[in-house]
Each structure stands twice: as C-alpha cells, then as structure tokens.
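As structure tokens, the structure follows; a few thoughts come after it.
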Amino acid sequence: MHMSSAVLTGHERTAVQAYLRLLHTVRATLDSPASAPRPVIVPASALAEADDALAVAGLAGNEEAFFALVRGWCSEGSEGG
1 MHMSSAVLTG HERTAVQAYL RLLHTVRATL DSPASAPRPV IVPASALAEA
51 DDALAVAGLA GNEEAFFALV RGWCSEGSEG G
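Each residue of the sequence shown is one higher than the one before, counting from 1 in the UniProt record's numbering.
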C-alpha cells in the first residue's frame, strides 16, 4: 500500500534528515572492521540534534507519524534515482 505523499514542513524535513544522519553514523560505526577501535556508537551531539529536531517538529513521542514521514522521504528518494 502506497501512502500519498504530503509536502514536509521545514521542521519535519530537518527531523527526518537528522534521523537519517544518526542512522548513517550508527551504520558506519557498526560496519567498521572488528579490529578497529570502536568509538561511542552515537555521538551525544548527533543524538541531541535528532532529539531537538523532533521536538521542534512536534514529533517527539509520535513515532508512528515520524516513521511515516521517513518512509515517504526514503521512497521519494529511491523513486527518483
């Protein structure tokens, strides 16, 4: 089932982008060789950025709405490229 896409507000877009940066940071850390020294998986600044962006967008505590935005953002990006 494909949900119709709505235009994201600037705050919603910022929240989605902050989440995706956080996700990429975690993936990059976990994909590093096991022999490499592992830093803290989630830097405090990245987590704070995502938390702040969610709060400003009014999405803190509303995971269902937030992940619907993420799915929409990611499906739009994959369809175009």
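Each residue gets a CB set at the ideal place from its N, CA and C atoms; glycine is no exception.
Taking the continuous alpha helix (DSSP H) assigned at residue i, which residues delimit it?
i          : result
alanine 57 : Where alanine 57 is concerned, there is no enclosing alpha helix (DSSP H), given that its DSSP letter is neither H nor E.
valine 16  : 10 to 31
Please go through the same chain and pick out, in chain order, the residues whose beta-carbon is closer than 6 Å to the beta-carbon of residue i, but skip the five residues on each side of it.
i            : result
methionine 3 : Confidence at methionine 3 is low in this model, with a pLDDT of 41, below 50, so its placement is unreliable and the value that follows should be read with caution. Contacts found: none.
glutamate 12 : Ala57 and Leu69
leucine 22   : Ala46 and Ala50
threonine 29 : Ile41
Please report the distance separating the alpha-carbon of residue i from that of residue j.
i            : j          : result
valine 16    : serine 35  : 32 Å
threonine 25 : glycine 10 : 22 Å
alanine 55   : valine 7   : 19 Å
residue 114  : proline 37 : Because the chain spans 1 through 81 in this model, residue 114 falls outside it and cannot be assessed.
Just confirm the distance between the C-beta atoms of residue i and residue j, as a whole number of angstroms; I'd bet it's less than 8 Å.
i          : j          : result
alanine 18 : alanine 53 : 4 Å
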